[in-house]
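Numbering (our numbering), first residue to last: 48 to 137. Below is one structure; the comments refer to it alone.
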Ligand code: HEC
Ligand code: HEC
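Following this line, the structure appears as structure tokens:
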């Protein structure tokens with residue numbers, strides 16, 4: 048039995064929906080933010096952490112980056128368990 052007109056309309060609609068979803072996904076991917084989180088600085092305070100195991104290095108971060116430290120974390124800082132997962136090293 049040949050497809051009825053309603054079937055044709057349906058598949059056209061499906062095709063359009065499919066095309067639109069693909070477009071939306073591509074649009075989303077191309078607009079995703081890059082890696083903008085500040086990297087671990089390359090200076091005297093931080094150079095010793097470059098070659099340390101991440102977990103080992105992270106024990107020392109809060110000596111300075113805490114409310115009592117020399118450089119407290121900014122207000123609204125995201126959850127901070129693993130510093131170096133977000134703040135990459137060079
Ligand atoms: C001895 C103190 C000290 C320790 C330990 C320390 N920091 Fe810092 N950190 C600073 C100071 C001071 C600044 C601000 C000036 C600068 O950029 O160096 C800073 C700045 C930063 C910044 C901001 C860089 C930017 O571009 O704005 C990040 C990210 C950072 N530290 C991450 C870390 C991480 C992760 C650790 C642990 C592995 C760590 N720090 C350990 C003192 C320290
Ligand atoms: C889930 C991801 C994440 C984790 C984990 C994390 N941070 Fe951050 N951190 C950020 C973001 C996002 C900012 C906002 C500013 C930016 O883009 O760097 C920030 C900002 C900072 C700043 C200020 C940067 C500046 O430009 O002044 C410092 C210092 C910092 N973090 C240190 C740390 C330390 C130390 C730890 C571990 C105790 C840590 N962060 C863990 C994501 C993270």
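From the three backbone atoms N, C-alpha and C, an ideal C-beta is built for every residue, glycine too.
Rounded to the nearest angstrom, the Cβ distance from residue 89 to residue 137 is 6 Å, consistent with a contact under 8 Å. Listed by position along the chain, the residues with Cβ atoms less than 6 Å from a non-hydrogen atom of ligand 1 are 85, 87, 88, 90, 92, 93, 96, 104, 105, 107, 108, 110, 111, 112, 117, 118, 130, 131 and 134. The nearest non-hydrogen atom of ligand 2 is 6 Å or more from the C-beta of residue 102. Our two residues, residue 63 and residue 56, have alpha carbons roughly 11 Å apart in a direct line. For residue 90, the secondary structure class from DSSP, reduced to helix, strand or coil, is coil.
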